[in-house]
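Engineer: Got a structure here, written out as structure tokens. Questions coming.
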Amino acid sequence: MRYHYKIPHFYTSMYGEIYICDHPVYNRCTLFKIEDAGLAVIQQRFDPVTKQTWWSEIDPWLSDCI
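In our numbering, the protein residues as written are 487 to 552.
Structural data, given as structure tokens:
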């Protein structure tokens, strides 16, 4: 995975929450809620040893930027 965003030294992760579900593609996402509506955001992960990819919640330092 390549980041085009530099990881800050300090981040708050104030927005978004981890949501666990039974979706066929992913089982964890970052959920952003506004009143009754919501947006689930996922990030693709890669394991260089096994060459496997999977989807999960986004890194905590990215949630404030979204």
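Where is the CB? At the ideal position from N, CA and C, for every residue including glycine.
#1: Does the separation of the CB atoms of residue 539 and residue 527 fall below 9 Å?
#2: Taking a contact to mean a Cβ-Cβ separation below 9 Å, would you say residue 543 touches residue 501 in this structure?
#3: State buried or exposed for residue 532, treating a residue as buried only when at least 16 other CB atoms are found within 10 Å of its CB.
#4: Kindly indicate which residue of 547, 545, 541, 549 has the alpha-carbon position closest to the one of residue 508.
#5: Taking C-beta to C-beta, are residue 545 and residue 529 nearer than 9 Å?
Structural biologist: Walking through what the data contain:
#1: The count along the sequence shown starts at 1 and reaches residue 539 at position 53. The count along the sequence shown starts at 1 and reaches residue 527 at position 41. A distance of 9 Å or more separates the beta carbons of residue 539 and residue 527.
#2: In the sequence shown, counting from the first residue as 1, residue 543 sits at position 57. In the sequence shown, counting from the first residue as 1, residue 501 sits at position 15. Not in contact: residue 543 and residue 501 (Cβ atoms no closer than 9 Å).
#3: The count along the sequence shown starts at 1 and reaches residue 532 at position 46. The residue is exposed, with fewer than 16 neighbouring Cβ atoms inside 10 Å.
#4: In the sequence shown, the residue the question calls residue 508 occupies position 22. Among 547, 545, 541, 549, the Cα nearest to that of residue 508 is on 541.
#5: Along the sequence shown, one-based indexing puts residue 545 at 59. Along the sequence shown, one-based indexing puts residue 529 at 43. Cβ atoms of residue 545 and residue 529: closer than 9 Å.
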